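Below: one structure, written as structure tokens.
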Amino acid sequence: MNAPTKPSSGAPADDWRIDRARAVALFGTHAQDWPIEIVEETGSTNADLMATVKALPRKAGALVRPIVRVAYLQTAGRGRRGRTWYAEPGNALLFSVACVLPRPLEGLAGLSLAVGVALVDGLRSLPLGPAAGQIALKWPNDVLFEGDKLAGILIETAWSTDDASAVVIGIGTNVKGADALAAKVGALNAGVPAQVRGAAPTALSRALPTANLTDTLAAELNALEPALQRFATDGFAPFRQRWNGCHAYAGREVVLIEQGKEIARGVAAGVDESGQLLLDTASGRETIATGDVSLRLASDGAA
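Residue numbers (the working numbering): 5 to 307.
Printed below as a string of structure tokens:
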């Protein structure tokens, strides 16, 4: 396949690539030790790492440390529920992290939410000023900025035993090109009801004009490293308060959509200790597990 060409945004020639030397200088002590591979183009970094970890011995300690694969362009990138992830090289940070956690499959509950907390903390460490407070979380796996989608998380399990699970965590963060991306996604969603479309895309450069892939990668990996260690030991419980504190829809009326149809409506009341959504409905509080459902604000036009 042809290598991706420099975006036509007028940015400096080296601005759209990751500066390895700068990234290493910005990495914390532990993230520095993570093997990181950067490729021009691939189908999906998640699929690449899934193949790698599926070949590992199925036991705790099969992977000494997390491994990272970054691609400037993914030709088969996807989000939750198989949605396509649209990105132009240099405008989005697209990478996956593979790790073996010393937890059985049921012990992975809330992992995507814990990763979301780490991403918020990492992104807020950048020099965003007051705008940092506008970075928030949408259940179960989106990071929002001013209500629009800034980043998404896709977690896949390669294998699981009674005492260990191999997972691949895919992360896509829109760094630049918000207007072009919004126009493209808007055209593709023409005629689609608002409650099905979900949040419009945005980019980090709206808050930080100098946003770039290098600094964003370092910020996110530095936050992910301690988060994965803590999740490995304690699960989602220690992340719950922080997640609820970053909840974009806290106290607001929301609807749950499944296959384009509303299945529940109520006031979002945060998440429980396993990462399930707490929804205050007319008939009382309900807990909603992650699955083939989508969360939308009721004010977005859901019927």
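Note that beta-carbon positions come from the ideal geometry of N, C-alpha and C, so glycine has one too. Since this is a predicted model, take the numbers as computed values, not measurements.
Nonlocal neighbours in the same chain, by C-beta distance under 6 Å from residue i, ignoring five residues either side
{"i": "Gly270", "result": "Leu283, Asp284 and Thr285"}
{"i": "Ala227", "result": "Ala122, Asp125 and Gly126"}
{"i": "Ala170", "result": "Val57, Val104, Ala162 and Trp163"}
Residue i burial status per 10 Å Cβ neighbour count (16 or more: buried)
{"i": "Ala118", "result": "buried"}
{"i": "Gln280", "result": "buried"}
{"i": "Gly14", "result": "Here Gly14 scores only 42 on pLDDT, less than 50, and its place in the model is too uncertain to base an answer on."}
{"i": "Thr218", "result": "buried"}
{"i": "Asp146", "result": "buried"}
{"i": "Glu229", "result": "buried"}
{"i": "Thr49", "result": "buried"}
{"i": "Ser287", "result": "exposed"}
{"i": "Gly176", "result": "buried"}
{"i": "Val68", "result": "exposed"}
{"i": "Gly120", "result": "buried"}
Between the CA atoms of residue j and residue i - distance to the nearest angstrom
{"i": "Val72", "j": "Thr33", "result": "16 Å"}
{"i": "Pro93", "j": "Pro39", "result": "22 Å"}
{"i": "Leu299", "j": "Pro144", "result": "8 Å"}
{"i": "Gln245", "j": "Ala222", "result": "25 Å"}
{"i": "Ile173", "j": "Val101", "result": "5 Å"}
{"i": "Thr1", "j": "Phe31", "result": "Residue 1 cannot be examined here, being either before or after the span of the chain that is shown, 5 to 307."}
{"i": "Leu130", "j": "Thr220", "result": "8 Å"}
{"i": "Arg210", "j": "Glu150", "result": "10 Å"}
{"i": "Pro16", "j": "Ser116", "result": "Note that Pro16 scores a pLDDT of 42, beneath 50, so its modelled location is shaky and nothing firm can be said."}
{"i": "Ala66", "j": "Ala162", "result": "13 Å"}
{"i": "Ala35", "j": "Arg234", "result": "14 Å"}
{"i": "Gly114", "j": "Trp247", "result": "10 Å"}
Extent of the continuous alpha helix (DSSP H) to which residue i belongs
{"i": "Phe235", "result": "Leu217 to Asp238"}
{"i": "Asn50", "result": "Thr49 to Lys58"}
{"i": "Arg24", "result": "Arg24 to Leu30"}
{"i": "Gln245", "result": "Arg244 to Gly249"}
{"i": "Arg128", "result": "Leu115 to Arg128"}
7 Å Cβ shell around residue i - same chain, five flanking residues per side excluded
{"i": "Thr79", "result": "Glu45 and Gly47"}
{"i": "Ala215", "result": "Val179, Lys180, Leu208 and Ser209"}
For residue i, the first and last residue of its enclosing beta strand (DSSP E)
{"i": "Arg269", "result": "Lys265 to Val275"}
{"i": "Gly288", "result": "Gly288 to Ile292"}
{"i": "Ala64", "result": "Per DSSP, Ala64 belongs to no beta strand (DSSP E) and is neither H nor E."}
{"i": "Ala75", "result": "Ile71 to Gln78"}
{"i": "Glu257", "result": "Glu257 to Glu262"}
{"i": "Ser164", "result": "Asp152 to Ser164"}
{"i": "Lys180", "result": "Looking at the DSSP string, Lys180 is not in any beta strand (DSSP E), and its letter there is neither H nor E."}
{"i": "Asp284", "result": "Leu281 to Thr285"}
Cβ shell of residue i (< 8 Å), same chain only, five flanking positions each side left out
{"i": "Ala268", "result": "Val259, Leu260, Leu283, Thr285, Glu290 and Ile292"}
{"i": "Glu41", "result": "Ile71, Val72, Arg73 and Val74"}
{"i": "Tyr253", "result": "Lys142, Trp143, Ala272, Leu299 and Leu301"}
Best match in the options for proximity to residue i [C-alpha to C-alpha]
{"i": "Gly274", "options": "Gly288, Ser287 and Cys250", "result": "Cys250"}
{"i": "Ala29", "options": "Gln245, Leu225 and Thr165", "result": "Leu225"}
{"i": "Lys180", "options": "Ala25, Thr161 and Lys153", "result": "Lys153"}
{"i": "Ala136", "options": "Ala207, Ala59, Ser278 and Glu277", "result": "Ala207"}
{"i": "Glu262", "options": "Val43, Ser116, Thr294 and Leu115", "result": "Thr294"}
{"i": "Ser303", "options": "Leu60, Arg256 and Ala182", "result": "Arg256"}
{"i": "Ile159", "options": "Glu277, Arg24 and Ala51", "result": "Ala51"}
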